[in-house]
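*Asks:*
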Amino acid sequence: MSEKELKGLLRELGFSEYEVSAYLTLIKEGPLTAGELATLSKVPQPRIYDVIRTLMGKGFVITIGGRPKKVVAVNPEKVFSEIERKYVRKVSLVKEMLKEIYNPRDGEIGNIIVVKSKITFEKYVKDAIKNAKRHISLALPISFLKRIQDDLIKKKKMGVEIDLFVYGVGEIPPVAHKIKIREVPDPFILIQDKETGIYAPSEALNSKTSGLHGYAMIIKDENLLFMFDRYFYHALWPTGRTVYEEERKLILPREYIHIRKLVRDIRLFNLVNSKVRIIGKFVKSKEPVEIEGRIVDYYEDKAKVISNITVETKDGKKYVVGGWNSSLEDIEADLIVIEGT
């Protein structure tokens, strides 16, 4: 593996460009002072202490005593084994939760529909793609991709953002904005906007008959959809290798239903002070709310679990706006529109 590929994998695991440079420098050079690390890694001196603190918070480096103190990389095998253990635990937790709600009979159970027919399953998948207005998260075997790739291309051309995770080996057409791949299979997952989810165990599509090998679930329950979204981006997504990613272009107005995507674009396009419209509800009262103002600040924690922006309205009031299932912020946004810079 080349160093370029290694850097790419670290970025996929959540490292920033500066964090990658600093971390690899410590791995290769050994203990360094902050000044030495800034020089060798080419991280700007004013940023080096923030980078060190972030790497320490993630558990990748420590400091050792002395004057001046030195920064040391923790044994990478130990650190990454712990990361792997946490993701495996999350996968096991999702499986156990699904076992609790699984009913093997066909039919609708509350906000969950259980299906056992391949034809019915494919119809639900195609309908979910057709109904997507803003976003699709999709994980599937490469063999099934051929059946829906035209549907994905059509929605992509219509401006629906698509993140695609493929299980298998082979060439994948550019049917999504970002595509990751890995050989080891996992469940079929589709999340359309925040409205519909589809789940099927990895073996479900392997049946040689007209029925699924087991079952699939069509999910309308908001809490389950949120859980699948977290699983997709925090447990599954980091394990793939990026094989395609379109260059992002800023075309205004731009709509967002996932605040993590907005924070990414704030960084990429320097959108602080941009005009923004928020449609959502107050976190405490659950009362609907719509505000307009400018983005004056943004935040994302190291694990990318908590993301929010601060919006200042014309009358000088400031609101902290979060995304799906916000609990710490003032407003939970259902839709965020960047209207101008």
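Note that UniProt numbering has the sequence shown beginning at 1, numbered continuously upward.
Note that beta-carbon positions come from the ideal geometry of N, C-alpha and C, so glycine has one too.
Predicted model, so just to flag it, every value in this text is computed and none were measured.
With I189 and F232 assumed to form a contact (beta carbons below 8 angstroms), what rounded beta-carbon distance in angstroms separates them?
*Replies:* Confirmed, about 6 angstroms.
*Asks:* Which residue from I142, K194, K156, Y215 puts its Cα closest to that of R182?
*Replies:* I142
*Asks:* Once the 5 residues before and after E312 are set aside, which same chain residues still bring their CB inside 6 angstroms of it?
*Replies:* G293, R294, V296, K318
*Asks:* Residues in the same chain with beta-carbon distance under 8 angstroms from S210, minus the five sequence neighbours each way, listed in chain order, please.
*Replies:* Cβ neighbours of S210 beyond the five flanking positions: S117, K118, I119.
*Asks:* I'd like to check one pair, I259 with S307: are the Cβ atoms closer than 7 angstroms?
*Replies:* yes
*Asks:* On the DSSP bridge list, what partners appear for K123?
*Replies:* DSSP output for K123 lists no bridge partner at all.
*Asks:* Does the Cβ of Q192 have 16 or more other Cβ atoms within 10 Å, making it buried, or fewer, making it exposed?
*Replies:* buried
*Asks:* Measure the alpha-carbon distance for E12 versus A34 and round it to whole angstroms.
*Replies:* 25 angstroms
*Asks:* With 16 other CB atoms within 10 Å as the buried threshold, where does F60 fall?
*Replies:* buried
*Asks:* Can you tell which of K178, A176, V184, K156 has the C-alpha that lies nearest to the C-alpha of G168?
*Replies:* V184
*Asks:* Do the CB positions of V115 and Q149 come within less than 7 angstroms of each other?
*Replies:* no
*Asks:* Keeping to the same chain, check which residues put their C-beta closer than 8 angstroms to that of R147; ignore five residues upstream and five downstream.
*Replies:* E122
*Asks:* Which same chain residues end up closer than 6 angstroms to E290 when comparing Cβ atoms and leaving out the 5 residues on each side of it in sequence?
*Replies:* I279
*Asks:* Just how far apart, CA to CA, sit V51 and V43?
*Replies:* 9 angstroms
*Asks:* Looking only at C-alpha atoms, which of K314, Y256, H234 sits nearest to V337?
*Replies:* Y256
*Asks:* Of the choices T196, K249, Y215, R89, whose alpha-carbon is the least far from that of residue 356?
*Replies:* As displayed, the chain neither begins before 1 nor continues past 341, which places residue 356 out of reach and without an answer.
*Asks:* Would you mind stating whether A139 and F165 have Cβ atoms separated by less than 7 angstroms?
*Replies:* yes
*Asks:* Should V283 and E329 be called a contact, given that it needs their Cβ atoms to be closer than 7 angstroms?
*Replies:* yes
*Asks:* Helix, strand or coil: which one does DSSP assign to N273?
*Replies:* N273: coil per DSSP, three-state reduction.
*Asks:* Is it buried or exposed for S92, if we count other Cβ within 10 angstroms and need 16 for buried?
*Replies:* By the C-beta density criterion, S92 is exposed, having fewer than 16 other C-beta atoms within 10 angstroms.
*Asks:* How many whole angstroms separate the CB atoms of T54 and E82, which I take to be in contact at a CB cut-off of 8 angstroms?
*Replies:* Not really, about 17 angstroms apart at Cβ, beyond 8 angstroms.
*Asks:* Since Y299 sits in a beta bridge, which residues does DSSP pair it with?
*Replies:* DSSP output for Y299 lists N308 as bridge partner(s).
*Asks:* Is the distance from the Cβ of K58 to the Cβ of K302 below 7 angstroms?
*Replies:* Yes.
*Asks:* Have a look at R277 and V321 and give me their C-alpha separation to the nearest angstrom.
*Replies:* 11 angstroms
*Asks:* Kindly indicate which three-state DSSP category D186 falls into: helix, strand or coil?
*Replies:* coil
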